[in-house]
Amino acid sequence: MAKTAFVDFKAVKAAITMEQVLQHYGLLEKFKRGTDSLNGPCPIHNGSNPTQFRVSISKNIWNCFSECKHGGNVLDFIAEMEKVSIHAAALKAIGWFKLDPQAMAATSDNGEPGETDRPTPAPTAAPKPASPPRPAPASTPESSAPNTPLKFRLDKLERSHPYLLEERGLTPETIVDFGIGFCSKGMMADRIAIPIHNVKGEVVAYAGRFNGVPPEGAPKYKLPAGFRKAQELFNLDRAIKESADVPLVIVEGFFDAMKLHQHGCCKVVALMGSTMSAAQEQLIRQHTNSRSHVIVMLDENEAGKAGREDIACRLSKFCFVRVLQFDQPDMEPEHLSGEEVQQFMEGTL
Ligand SMILES: [Zn+2]
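Next comes the structure, spelled out in structure tokens:
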């Protein structure tokens with residue numbers, strides 16, 4: 060598609076819904092549906108509050124009531140997510156949702172790009188949710204583009220920070236093993252920097268966990284803009300080196316994975332969330348076979364329960380899946396004792 064094409068933004072906006080775009084990013088599972096709304100954590104500033112980001116379905120607009128403090132239409136959203144112009148966002152939308160670029164091209168004689176006043180072929184009523192083109196997240200080049208390995212390393216990380224040793228109960232060995240540490244300055248200031256490796260073992264990003272309860276409006280985790288966490292599984296590069304006879308354990312968070320590893324459960328990967336993206340499913344599929352065993356152990360909360368059901372259903376098509384549930388509400392794998400980890404590895408928990 061020619062980059063210079065003039066795009067009729069109104070037609071693009073009318074052709075796609077916020078719901079489709081959230082689905083494209085693999086975020087829809089995180090959202091709760093109201094009568095005319097979708098509510099969830101803000102994907103733009105990577106927030107965690109489940110009500111801070113609101114979509115009006117009928118108006119096809121969004122608002123972040125937290126850090127971003129603004130909102131907009133569906134193209135504004137893509138522009139924010141991709142850090143590109145509205146024009147580039149429209150072109151991306153055309154590609155992702157296989158819209159007809161001919162129909163989307165502005166044909167005004169004055170050649171002015173941008174938001175035209177021309178009436179669009181379709182009535183300007185709210186987009187019809189019944190028959191939108193199906194998004195195809197798995198086949199879009201943008202969303203499946205691999206993360207680029209970083210050319211730098213964060214050094215001078217403080218390995219013996221009390222947050223890691225006391226608050227999270229990690230041993231110095233685990234801290235060094237995972238290369239994490241407290242960062243006192245720069246973009247990760249006051250955060251625990253956690254390197255994320257791709258399957259080849261190259262560092263593709265650092266996640267920054269605030270050391271403690273973050274101040275009002277600050278996210279618990281910071282991830283670099285443009286990093287696609289849906290493309291990676293934390294610790295996969297090391298998990299695949301473990302014996303094929305050992306089950307692969309899937310958890311939600313970095314600290315779940317690090318803690319299980321510390322307790323001797325080394326074949327563990329973290330989704331970095333409570334849902335499994337298509338790319339993550341593909342990664343698991345590539346490193347398992349029909350005899351492989353997978354244990355899904357998400358947090359014992361609503362998101363974790365929904366996530367594990369979906370994951371078990373999808374993975375059971377190509378390997379053996381066991382879902383581990385906890386009796387205690389809000390229990391997280393991170394809080395298992397070494398003894399309990401041994402028990403579940405032996406299949407007795
Ligand atoms: Zn926000």
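All letters in the sequence shown, in the order written, are residues 60 to 408 by my numbering.
Just so you know, even glycine gets a beta-carbon here, dropped at the ideal spot from N, CA and C.
Under three-state DSSP, which class holds Val133? Taking the first residue of the sequence shown as 1, we reach residue 133 at position 74. Reduced to three states, the DSSP call for Val133 is helix.
Cβ distance (whole Å) where Lys142 is taken to contact Gly285 below 8 Å: Along the sequence shown, read from residue 1 onward, the residue named residue 142 stands at position 83. Along the sequence shown, read from residue 1 onward, the residue named residue 285 stands at position 226. Confirmed, about 7 Å.
Closest by CA to Ala365, which one among Ser351, Met335 and His352? Translated into positions along the sequence shown, residue 365 becomes position 306. It is Met335 whose Cα lies nearest to the Cα of Ala365.
Can you name the start and end residues of the alpha helix (DSSP H) that Ile251 belongs to? The residue given as residue 251 occupies position 192 in the sequence shown. It is not in any alpha helix (DSSP H) - Ile251 instead sits in the beta strand (DSSP E) that spans Arg250 to His256.
Quick one: residues with CB closer than 7 Å to any heavy atom of ligand 1, in chain order, please. Cys101, Ile103, His104, Gly106, Gln111, Phe112, Cys123, Ser125, Glu126 and Cys127
Arg250 beta carbon less than 8 Å from that of Gly228: The residue given as residue 228 occupies position 169 in the sequence shown. The residue given as residue 250 occupies position 191 in the sequence shown. No, Cβ-Cβ distance for Gly228 and Arg250 is not below 8 Å.
Anticipated Cβ contact below 8 Å, Ser96 with Ile75, distance rounded: As a position in the sequence shown, residue 96 is number 37, starting the count at 1. As a position in the sequence shown, residue 75 is number 16, starting the count at 1. So it is not a contact: roughly 18 Å between Cβ atoms.
Assign Leu81 to one of three DSSP states: helix, strand, or coil. Taking the first residue of the sequence shown as position 1, residue 81 is located at position 22. In this structure, Leu81 counts as helix in the three-state DSSP scheme.
Counting along the chain, where does the alpha helix (DSSP H) carrying Val380 start and finish? Sequence index remark: in the sequence shown, residue 380 carries index 321 (1-based). Not the alpha helix (DSSP H): Val380 falls in the beta strand (DSSP E), residues Phe379 to Val382.
Check whether the Cβ atoms of Val382 and Pro306 sit closer than 8 Å, and answer yes or no. By one-based count along the sequence shown, residue 382 stands at place 323. By one-based count along the sequence shown, residue 306 stands at place 247. Contact: no.
Which of the three DSSP states is assigned to Ala181 in this structure? As a working note, residue 181 is residue 122 in the sequence shown. Since pLDDT at Ala181 reaches only 38, below the 50 mark, its modelled position is unreliable, and no value is offered.
If you check the beta carbons only, do Met77 and Val114 fall under 8 Å apart? Position 18 of the sequence shown, counted from the first residue, corresponds to residue 77. Position 55 of the sequence shown, counted from the first residue, corresponds to residue 114. Yes, these two residues count as a Cβ contact at 8 Å.
Report back the beta-carbon spacing between Leu216 and Ala252 to the nearest angstrom; my notes put them in contact at under 8 Å. Your numbering for residue 216 matches position 157 in the sequence shown. Your numbering for residue 252 matches position 193 in the sequence shown. Right, the Cβ-Cβ distance comes to about 6 Å (below 8 Å), so this counts as a contact.
Give me the Cα-Cα distance between Val380 and Val355, rounded to the nearest whole angstrom. Sequence index remark: in the sequence shown, residue 380 carries index 321 (1-based). Sequence index remark: in the sequence shown, residue 355 carries index 296 (1-based). Looking at the two C-alpha atoms, the distance is approximately 7 Å.
If you run the structure through DSSP and keep just helix, strand and coil, what is Ile299? Counted from its first residue, the sequence shown places residue 299 at position 240. Under the three-state reduction of DSSP output, Ile299 falls in the coil class, being neither helix nor strand.
Do Leu86 and Gly99 have their C-beta atoms within less than 8 Å of each other? What you label residue 86 is simply residue 27 of the sequence shown in a count that begins at 1. What you label residue 99 is simply residue 40 of the sequence shown in a count that begins at 1. Result yes, Cβ atoms of Leu86 and Gly99 sit closer than 8 Å.
Among the candidates Lys151, Ser349, Leu330 and Ala138, whose CA atom is the shortest distance from the CA of Ala362? Along the sequence shown, read from residue 1 onward, the residue named residue 362 stands at position 303. Of the candidates Lys151, Ser349, Leu330 and Ala138, the one whose C-alpha sits nearest the C-alpha of Ala362 is Leu330.
Checking the sheet assignment: what are the DSSP bridge partners for Val328? Taking the first residue of the sequence shown as 1, we reach residue 328 at position 269. Ile309, per the DSSP bridge assignment.
Simplified DSSP assignment, three categories, for Gly93: Locating residue 93 in the sequence shown gives position 34, counting from the first residue. It is coil, neither helix nor strand.
By Cβ distance below 7 Å, which residues in the same chain neighbour Gly397 in space, the five residues on each side in sequence not counted? Here residue 397 is taken as the residue at index 338 of the sequence shown, counted from 1. Excluding its 5 nearest sequence neighbours in each direction, Gly397 has C-beta neighbours in its own chain below 7 Å: His322, listed in chain order.
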